[in-house]
Amino acid sequence: RKEVEQDPGPFNVPEGATVAFNCTYSNSASQSFFWYRQDCRKEPKLLMSVYSSGNEDGRFTAQLNRASQYISLLIRDSKLSDSATYLCVVMGDYKLSFGAGTTVTVRA
Amino acid sequence: NAGVTQTPKFQVLKTGQSMTLQCAQDMNHNSMYWYRQDPGMGLRLIYYSASEGTTDKGEVPNGYNVSRLNKREFSLRLESAAPSQTSVYFCASSGNQRVQETQYFGPGTRLLVL
Numbered sequence: 001r002k003e004v005e006q007d008p009g010p011f012n013v014p015e016g017a018t019v020a021f022n023c024t025y026s027n028s029a030s031q032s033f034f035w036y037r038q039d040c041r042k043e044p045k046l047l048m049s050v051y052s053s054g055n056e057d058g059r060f061t062a063q064l065n066r067a068s069q070y071i072s073l074l075i076r077d078s079k080l081s082d083s084a085t086y087l088c089v090v091m092g093d094y095k096l097s098f099g100a101g102t103t104v105t106v107r108a
Numbered sequence: 001n002a003g004v005t006q007t008p009k010f011q012v013l014k015t016g017q018s019m020t021l022q023c024a025q026d027m028n029h030n031s032m033y034w035y036r037q038d039p040g041m042g043l044r045l046i047y048y049s050a051s052e053g054t055t056d057k058g059e060v061p062n063g064y065n066v067s068r069l070n071k072r073e074f075s076l077r078l079e080s081a082a083p084s085q086t087s088v089y090f091c092a093s094s095g096n097q098r099v100q101e102t103q104y105f106g107p108g109t110r111l112l113v114l
C-alpha cells in the first residue's frame, strides 16, 4: 500500500468554480502535512502547510482529519493559473512522502 | 539568488554508461536531497544529506551514489546506468536538519537510459 494516495484526476473545472480533492495517508504517526504544486514539466513548489485546525491562504483552504487519516485541499473561484498538479506531502519518521498528484485543469 | 540549480537538464545514456548529476544551492541550506519522479508515482527519495559531511540512504538508493562536496553542492552518480533509471531527477534543499522545513527544488534533470 502506498504511504500517500491521491485521486489522479483530472479535475476539469470552469473558471470561477470551486474544486476540492483529498489525499489519504497510511502512517498514523505522521507529523506534518503539506500541499505542493507542480506545473507541467517543472519542479514542485510549496503551496501551503496544513495545520491541525485547518488553514486558509487566499482562495486555498486545507483541512486535516487525523482520525480518518486524510487531508484535503479546496480551491475557490478557480483561475486559469490554478491549472497544475497538486502533490500531497506527508512527513513521517525521517522523511517526506509524496503522493503521485491530483491534476486540476481550469478552463475558460 | 539562483536557488537550486541542476545540471544537465537532459541526458541520454546507453545501458552501462556512468554519469554524475550536479546540484548546487545558494541559500546556505544545511540539508540536501535527491529524488526521482516516475509517471503515476510520487517523488521517491534516493539519498539525502542532513548536513555537510553526512549522507544517508532514502527509499530507493540502489544503483546510485552521492557526494556532499561542500555545503553548497550535492552530486548524484549513476555508476552503471540501467533502463529502470530512466526518470526525472530532482534535487532539493531545506534550511536545517528538520525534514518538515520547506524544501526548495531544482528544475530537474530528465534522464533517458537506452
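Chain order of the listed sequences is A and B.
Going left to right, the first sequence walks through residues 1 to 108 as our numbering numbers them.
Going left to right, the second sequence walks through residues 1 to 114 as our numbering numbers them.
Glycine residues also receive a C-beta, built at the ideal position from the N, C-alpha and C atoms.
Owing to the predicted nature of the structure, the values given are computational and were not obtained by experimental measurement.
Terminal residues of the beta strand (DSSP E) in which residue i lies
i     : result
A:K95 : K95 to F98
A:P14 : F11 to P14
A:N65 : F60 to N65
A:G37 : A small fix is needed here, since residue 37 of chain A is Arg in this sequence, not Gly. Here the beta strand (DSSP E) through A:R37 covers S32 to Q38.
A:T24 : V19 to Y25
Inter-residue CB distance, residue i and residue j (contact presumed, cutoff 8 Å)
i      : j     : result
B:V113 : B:P83 : 5 Å
A:G92  : A:S52 : That pair is no contact at about 15 Å.
A:S32  : A:Q69 : Not a contact, Cβ separation roughly 14 Å.
B:G106 : B:V4  : 4 Å
B:P67  : B:C23 : With the sequence shown as reference, residue 67 of chain B is identified as Ser, and Pro is not the correct amino acid for it. In fact, because the Cβ distance is near 10 Å, the residues do not count as touching under 8 Å.
A:R1   : A:S26 : 6 Å
A:K45  : B:L45 : About 18 Å separates the two Cβ atoms, so there is no contact after all.
For residue i, three-class secondary structure by DSSP
i      : result
A:P44  : strand
B:Q11  : strand
A:Q6   : strand
A:L74  : strand
B:Q85  : helix
B:L43  : coil
A:L80  : helix
A:Y51  : coil
B:P107 : coil
B:K71  : coil
A:T102 : strand
B:M27  : coil
B:S49  : strand
B:A116 : Residue 116 of chain B lies beyond the stretch modelled for chain B, which goes from 1 to 114, so this question has no answer here.
B:V4   : strand
B:T20  : strand
B:E79  : coil
B:R36  : strand
A:E56  : strand
A:R107 : strand
A:V89  : strand
B:N62  : coil
Cut-off 6 Å between Cβ atoms - residues of its own chain near residue i, not counting five sequence neighbours on either side
i     : result
A:S97 : E3, V4 and V90
Own chain, CB closer than 8 Å to residue i, minus 5 neighbours either side, in chain order
i     : result
B:G95 : M27, H29, N30, S31, E101 and T102
B:T86 : L111, L112 and V113
B:A50 : N30, S31, D56 and Q97
B:R72 : A24, Q25 and D26
Cβ-Cβ distance between residue i and residue j below 8 Å
i     : j      : result
A:L74 : A:Y86  : no
B:Y89 : B:W34  : yes
A:R59 : A:L47  : no
B:G58 : A:A100 : no
A:I71 : A:A84  : no
A:C88 : A:C40  : no
Proximal residues to residue i (C-beta, below 7 Å), its chain only, five neighbours per side dropped
i     : result
A:V19 : F11, V13, I75, S78 and V104
B:G63 : L78, A82 and Q85
A:G16 : D77 and S78
B:Q11 : M19, T109 and L111
B:Q17 : A81
B:N70 : E52
B:T7  : Q22
Residue i CB to nearest heavy atom of the ligand ADP below 7 Å
i     : result
A:F21 : This structure simply doesn't include the ligand ADP, nor any ligand for that matter.
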